[in-house]
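In our numbering, the protein residues as written are 1259 to 1400.
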């Protein structure tokens, strides 16, 4: 365990790019703003930068693999980089999703867990949720 990456007995703390609070884990706003301010990628290097930023917050974005699927053909070797309408739609979808990102909560032992499974042509995803005291479904971190 690295002591510089540990924090105990705090109510709210920035931790490895996330904000950990009693209510759950959130993405640090600076990470979201970096992506929201990005123009559409113009080359493979900018696309890789976008994908790297998304990889850091992947557990917060529902169906990220499916949303990024239009980018996959641009990542292939010897394929010219042509940003098309499908890529633009995917990019805007991700940005729109990040305007109101979810808060991940720790599962409450003994309370019913809800498992969602989604399968699409190019991706498979799962989501673990649990209802809070008000009956609202909350995304659980694993």
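The beta carbon of each residue, even a glycine, is placed where N, CA and C say it ideally should be.
Residue i burial status per 10 Å Cβ neighbour count (16 or more: buried)
| i | result |
| --- | --- |
| residue 1384 | exposed |
| residue 1261 | exposed |
| residue 1373 | exposed |
| residue 1370 | exposed |
| residue 1274 | exposed |
| residue 1299 | buried |
N- and C-terminal bounds of the beta strand (DSSP E) containing residue i
| i | result |
| --- | --- |
| residue 1282 | 1282–1285 |
| residue 1364 | Looking at the DSSP string, residue 1364 is not in any beta strand (DSSP E), and its letter there is neither H nor E. |
| residue 1389 | 1382–1389 |
Chain-order list of residues whose beta-carbon lies under 8 Å from that of residue i (same chain, five-residue window excluded)
| i | result |
| --- | --- |
| residue 1282 | 1361, 1362, 1363, 1364, 1396 and 1399 |
| residue 1312 | 1293, 1319, 1322, 1326 and 1352 |
| residue 1344 | 1328 |
Assigned secondary structure, residue i (DSSP; H/G/I helix, E/B strand, else coil)
| i | result |
| --- | --- |
| residue 1300 | coil |
| residue 1272 | strand |
| residue 1319 | coil |
For residue i: DSSP bridge partner residues
| i | result |
| --- | --- |
| residue 1376 | 1383 |
| residue 1339 | Paired residues: none, contrary to the question. |
| residue 1397 | 1362 and 1387 |
Endpoints, alpha helix (DSSP H) assigned at residue i
| i | result |
| --- | --- |
| residue 1325 | 1322–1330 |
Close beta carbons around residue i, own chain, < 6 Å, minus the five adjacent residues each side
| i | result |
| --- | --- |
| residue 1353 | 1294 |
| residue 1339 | 1301, 1302 and 1332 |
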